[in-house]
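Protein chains in written order, with my numbering: chain A, 133 to 445; chain B, 11 to 428; chain C, 290 to 631.
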Amino acid sequence: MNILESLGTVFTASVAAATLRLATPYLFAAIGETFGQRSGLLNLGVDGIMLMGAFFAFYAVYATGSLLLGLAAALLIGALLGLAMAFISVTLKAKQGVSGIGLYLFGLGMSELLFQTLVGTPKSVEGFPPIYIPGLSDIQFLGIGQIFFSQNILVYLAFLSVPISAFIFNRTNFGLKIRAVGQNPAAADAMDVSVTRIRYATQIIGGMMAGLAGASLSIALLDVFQQNLTNGMGFIAVALVYFGRWKPLGVMLGALLFSFVNALQLQISAVGIQIPPEFSTMAPYVITIIALVFAGKQSERPTALTVPFQRGE
Amino acid sequence: MNGAFQVRTTPTSWFRTAGNRLLDAAPLLISLALAFLIASGLLLALNVSPIDGFSSMLQGAFGSENTIAETLVKATPMLLVAIGICISFRGGMINVGGEGQMIAGAVAGITVALSLSTTPPIVAVPLSILAGFVAGALYGGLAGWLKAFFNVNEILSTIMLNAIAVQMMNYLLNGPLLDPTEVGVNHVPKTARIAEQLQIARLSIPLPEGVAELFSLQNAELFARTRLHWGLILAIVLAVLAYLLLWRTTIGYRIRAVGENERAAKYAGIRVRWNMVLAMMFAGGFAGLAGVVQVLGLQYRLQTDGSAMGFTANAGFNGIVVALFGGLNPLGAIPASIFFGGLLVGAQKMQRDLGVPAALITSINGMIVIFAVSSEYFRAMIARRRALGGGSMPGTQAVESRPKLPENPPDVIGQATL
Amino acid sequence: MRKGLRFLAVGAAAFGLVGLLPAAAQDDVFRVAAVSPSATNDLAFSQSMFDALTMLDEEMGDAFEFTFQEGTFIVDDAAVALRDWASSGEYDLVIAHGSQYGSVVEELANEFPEVAFAWGTDVNTFGLPNVSAYTVAAEQGGYINGALAAILSETGNIGVIGPIEVGDAKLYVDGFVSGVGATDPDATVNVTYIQSFGDVPLATEAATAFVSNGADVLSGTAQMVVGPIGVALENDLLWFGTQSSQAELAAESGVAFQVYRWDVVLRDLIADIGEGTLGGESYVLTLENGGVEMEVSEFTGLDEETLATVEETIAALSEGIISGEIVPLPELEATPEATPAS
């Protein structure tokens, strides 16, 4: 096999399609986290909310068969946990990192406990099917049809959230307020922007997105629930926000890079190329760090990140 | 929380300070009680009597000589990690890489210990421990270097470095470091056992005559038949040393100065970048120590189930919580680590005795963390009210819950706010 | 919750076990305590032990009790549990169900020579008279599953998802690959070790990668296979499982499952301990002693004729393996002697 041919077996349309699927939960969670961080709130508990969202979506579908109810359940539990997190970090001004870890542990334990008592052993549900967009999904050229037009609806939604959130941040009054609150809460407060209200709002949005991230796993991509289903994805999502420098487009690029390397290493062993599995598993992490070294330079970090707002401080 | 900023007290004000301390502790105790109340509800929902549940938990944590020892054994690595976290967070570096640094320390330590199996222990043991510290420091320092010179966020890099360390460990334990007796057999990824003379000794305390009988202990020495080892003493001594380092030396002063206000530190002529790397090296070094102490003092070999947790028992993460509970003060981390050790060990006992699912315990632990950090608000409120009400007392007046942050910290997370 | 102690009233006498019951815990109840890494509903390793204990509990009724600590991935936590049980003196048998618990068992067994320990999967009893080791010849069921996969695959392309390359997972996967090779040398079987026992999303994508490269039969081991099973279902492929039965989850995709019957070992241990032998032996579950059982899925979507072929193949290969005509993993022959369960 010459090099070109072996490259051909590795860089396939299905790898690209897998990349989009793998990126979906990261995108939801990381875009949601971007809202919170832009307004100055760090939520390390994303993984816990994802797990709860995944379970509630799964259970709603398992019990009723309705996918819409599943989505609603994930959004609802996500919003509630986001609200709780907002109360803890905005109103009670608790240390955000630790309370996030607490929220993670809570979600990890509670989702499994509910699963054990309400469901028992792993069962599958009928999740969101892939949507074949008529005409477009048949495009053979470069596998475009398979990559872009044969995914399930949550994959499309995740990628749609990127331009929408970018629009909100850059073009709307709400986005302006979010940025103001994150950069200089005292000045924002002086201009009659309610720091508290904005931060509650971003945290609830973040929670709902994390809930969706969980739902995208349990009722769209995997169609099952199991203890610790996310396996730490939420923490990677938080890291991707830093990677993307608090910009939705950057977050998306990070999620795509990370997922691409992951999809590639799976493809490599699927076609029988032998690499020690430890090294291929390690690859996405190594490459993400290297990418960051080269991305380097100035960060756009919200200056008030993790600093609770105290009027007159 | 803030021993660091405490105004020195005179002996006469000691009682009043103690009274204030008690008042300070009240919100924490109330919030813990609240967390237990919710937990009781959950236990009731599972048809388990909360009284049975918590008494079993308490018994499992502090109920006997052996369980106290297990609590302390659990606390040891968490305390070591927490010491490092105190230093790095004070230096403005959010180190989430304790897991990976523990692994780096353990791998280096066991490699040295295995290759020095015939060397006199007086040389081999310190060398192995040192190797663990250095490896951890280098691994932590790597994240510091990436942050200082390439502006790579340390939260991100340490999360990634954790995953990389796990795979390195898996690779080494499946290949070069694999126990020779495992080759071709069951292939469990573990190293050979270290020579007996290189193991950190078990710790037992000789009791005066009659005391053992008084408490109906089995042995004349306290903790004689338990897994408690000298690693605990090492950790406590190091906690004191780290406290002195942070608040009694220029090295510590510089690290804290960079953490509090990078720009001001720079104007004061402090080498900001170097101190960032240094803070991370300390953090990594102490986590590395935790790793090597687990290996030399408890497990006697490095072994994994393929995940970080399989070796570290999550001490790398729990150490963060312990450090924050201890007010980012190494001395405060000592009781905090014992509290958490007891919580984790006791929870397991509850599962064994009453068949409570492990998941319930995880979620209760999460609630305790949330409630405890949230209680800080009320503690600060009480302190404020006291100050306003004229009842201010010497000793706590200067206490601010956080070191003052500059208006716009250029690129530093207020260390105490995470 | 089914964990913890249970008192199911089924006469033990009916099973002829009364005479075998030990005197260790001053009464006629045989008490077992066990710790396992994952959850008891994992459809895999931990569940296989929990099911075995549950089965004995139902059979022996009042004469048997067990307590189970699940979710103990952390070796140290298992150490605390095992020490607690050992020092309590209340248990006739303490089981450490995970090969990572070996060092802990070795240490405790030295310290508590009066307590019987069993652990697995491994063959090492550390030369101690109160330790039993148990393991499973997972390559046997792996070989049969592999052979069936080769027969049923139309594309000749088969994918296997494993956790890390250790213990019974490695044996199963190696046996599977060997079975495919012996049956259809032209078939390709690719293996991905995803380096995790629990990462369902990654395991799912690994299975999808196999499918998009033409695989029409999948297999795998560890608790993360719930993901790949979903992929098999969605794409109408065939699934072969191991450790516990996954028939219900795999529905019409499921074909055959290698089920670990730890009760075979446990029955032996109970008898031995009753006679005063606390350990010293190492047990291997095999097709021959009934510890490895091949279960054909009752929910499978295969037609009658194919199903008959499957059952015939299982019977023929089992016979061959039991008689020694077929050696699933020739290179394993040289491993240390392990006395098979009687």
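Glycine residues also receive a C-beta, built at the ideal position from the N, C-alpha and C atoms.
Short Cβ contact (8 Å threshold) for residue i with residue j
i	j	result
B:Met291	B:Gly150	yes
A:Leu286	A:Ser198	no
A:Asp321	A:Arg443	yes
B:Asn180	B:Gly316	yes
A:Ala371	B:Ile374	no
A:Leu174	A:Gly239	no
B:Ile330	A:Phe367	no
B:Val91	B:Ala325	yes
C:Ser388	C:Ala407	no
B:Ala147	B:Gly294	yes
B:Asn339	B:Tyr253	yes
A:Ala352	A:Phe281	no
C:Leu606	C:Tyr432	yes
C:Phe339	C:Ala375	no
C:Phe319	C:Phe357	no
C:Leu332	A:Thr249	no
N- and C-terminal bounds of the beta strand (DSSP E) containing residue i
i	result
A:Gly177	It is not in any beta strand (DSSP E) - A:Gly177 carries neither H nor E in the DSSP assignment.
C:Gln547	543-549
C:Gly509	506-509
C:Glu582	581-585
A:Gly120	For chain A, the structure presents residues 133 to 445; residue 120 of chain A sits outside this window and is missing.
C:Gly409	406-409
C:Leu382	382-386
Residue i (DSSP reduced to helix, strand or coil)
i	result
B:Ile330	helix
C:Gly565	coil
C:Gln358	strand
A:Gln272	coil
A:Gly339	helix
A:Met262	The question names Met, but residue 262 of chain A is Pro in the sequence shown. Strand at A:Pro262.
C:Leu574	strand
B:Gln313	strand
B:Val268	helix
B:Lys276	helix
B:Lys200	strand
A:Ala150	helix
Sheet register partners of residue i (DSSP bridge)
i	result
C:Thr531	C:Gln547
C:Asn479	C:Gly448
B:Glu231	B:Pro216
C:Tyr423	C:Gly409, C:Tyr572
C:Phe319	C:Phe353
A:Ser256	A:Val356
A:Asn284	A:Pro262
C:Val324	C:Gln358, C:Ala385
Unbroken alpha helix (DSSP H) run spanning residue i, endpoints
i	result
A:Phe392	380-402
C:Asp525	Taken as a continuous stretch (DSSP letters only), C:Asp525 belongs to no alpha helix (DSSP H), as it is neither H nor E.
C:Val616	It is not in any alpha helix (DSSP H) - C:Val616 carries neither H nor E in the DSSP assignment.
B:Ser138	131-160
C:Tyr390	Per DSSP, C:Tyr390 belongs to no alpha helix (DSSP H) and is neither H nor E.
C:Thr598	593-612
Residue i Cβ short of 7 Å to the ligand ATP heavy atom set
i	result
A:Met365	The ligand ATP is not among the ligands present in this structure, which contains no ligands whatsoever.
Legend entry - Residues of the stretch 474-493 of chain C with Cβ closer than 7 Å to any Cβ of chain B, in chain order: Listed in sequence order: Gln484, Ser485, Phe486.
Inset, instruction - Residues of the stretch 387-401 of chain A with a CB closer than 8 Å to any CB of chain C: list them in chain order, please. - result: Per Cβ criterion, the list reads Asn394, Ala395, Leu398, Gln399, Ser401.
Legend entry - Where the stretch 509-524 of chain C meets chain B: residues whose CB sits under 7 Å from a CB there: Flagged: no residues at all.
Legend entry - Selection of the stretch 351-368 of chain A by Cβ proximity to chain B, strictly under 8 Å: Answer set for the stretch 351-368 of chain A: Gln359, Phe367, Ile368.
Legend entry - Near-chain B residues of the stretch 337-365 of chain C - C-beta to any C-beta below 9 Å: Hits within the stretch, in order: Thr356, Phe357, Gln358, Glu359, Gly360, Thr361, Phe362, Ile363, Val364, Asp365.
Inset, instruction - Name, going along the chain, the residues of the stretch 245-278 of chain A whose beta-carbon falls closer than 7 Å to a beta-carbon of chain C. - result: Flagged, chain order: Gln248, Gly252, Thr253, Pro254, Lys255, Ser256.
Legend entry - Interface residues of the stretch 163-186 of chain B facing chain C [CB-CB below 9 Å]: Residues of the stretch 163-186 of chain B that bring their beta carbon within less than 9 Å of a beta carbon in chain C comprise Val176, Gln177, Asn180, Asn184, in sequence order.
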